[in-house]
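Residue numbers (this note's numbering): 1 to 166.
Take a look at the structure below.
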């Protein structure tokens, strides 16, 4: 049997604040080390989310997905975790899984345009231009100064016309 020689510590509120301060000041390795030294049961959904973000920044999507799932398990209504999980799935071209996560994010925060925009991008990946256009339109309605929203909306409409012409 292998033993972890690095002892885990209980997480105080002060330690938690220190971790968040390190993360916010871009001292990601130090924040990651402090989080991983804490007892897993002491980690709340936000700390799992931070671990996921750091892992994703390091290109470690496998751990990022695991950490996001832990975050969601502790707080199923945490829209940012659903969104980030959707982003990983979108990057991996797992479009249906991405859509599912984006829809969960929208369910908990209806007025964030990028949740709709990325859902539209996932529908583009599936070549479902009608649904993609619907989501780009909603994103543009929430934030009308984002050129990408309109570009992808136009692209969706263009492809819808092509499909109808065939």
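Glycine included, each C-beta is placed from N, C-alpha and C at the ideal position.
As the structure is a computational prediction, the values presented were derived from the model and not from experiment.
- Non-local C-beta neighbours of residue 56 in its own chain, meaning closer than 6 Å and more than five positions away in sequence, comprise 64, ordered along the chain.
- Between the alpha carbons of residue 17 and residue 23 lies a gap of roughly 10 Å.
- Among the bridge pairs identified by DSSP, residue 36 is matched with none.
- Around the beta carbon of residue 124, a 10 Å sphere encloses 16 or more other beta carbons of the protein chains shown; the residue is thus reported as buried.
- Of the residues assessed, residue 86 falls on the buried side of the cut-off, its CB having 16 or more other CB atoms within 10 angstroms.
- Following the DSSP letters along the chain, one finds residue 78 in no alpha helix (DSSP H), marked with neither H nor E.
- A residue is called buried once 16 or more other Cβ atoms fall within 10 Å of its Cβ, and residue 84 is buried on that count.
- The Cβ atoms of residue 156 and residue 133 sit closer than 8 Å to each other.
- Between residue 118 and residue 102, the gap from beta carbon to beta carbon is short of 8 Å.
- DSSP, read as helix, strand or coil, puts residue 59 in coil.
- Relative to the Cα of residue 154, the nearest Cα in the group 126, 142, 121 belongs to 121.
- Residue 79 counts as buried, since no fewer than 16 other beta carbons sit within 10 angstroms of its beta carbon.
- Nearest neighbour of residue 45 by Cα position, chosen from 19, 59, 73, turns out to be 73.
- When the five nearest sequence neighbours on each side are left out, the beta carbons in the same chain lying within less than 8 Å of the beta carbon of residue 135 are those of 116, 117, 119, 120, 123, in order along the chain.
- In this structure, DSSP gives residue 94 a state outside helix and strand, which the three-state scheme calls coil.
- By alpha-carbon distance to residue 88, the top candidate from 41, 161, 60 is 60.
- Counting of Cβ neighbours within 10 angstroms places residue 10 among the exposed residues, the total staying below 16.
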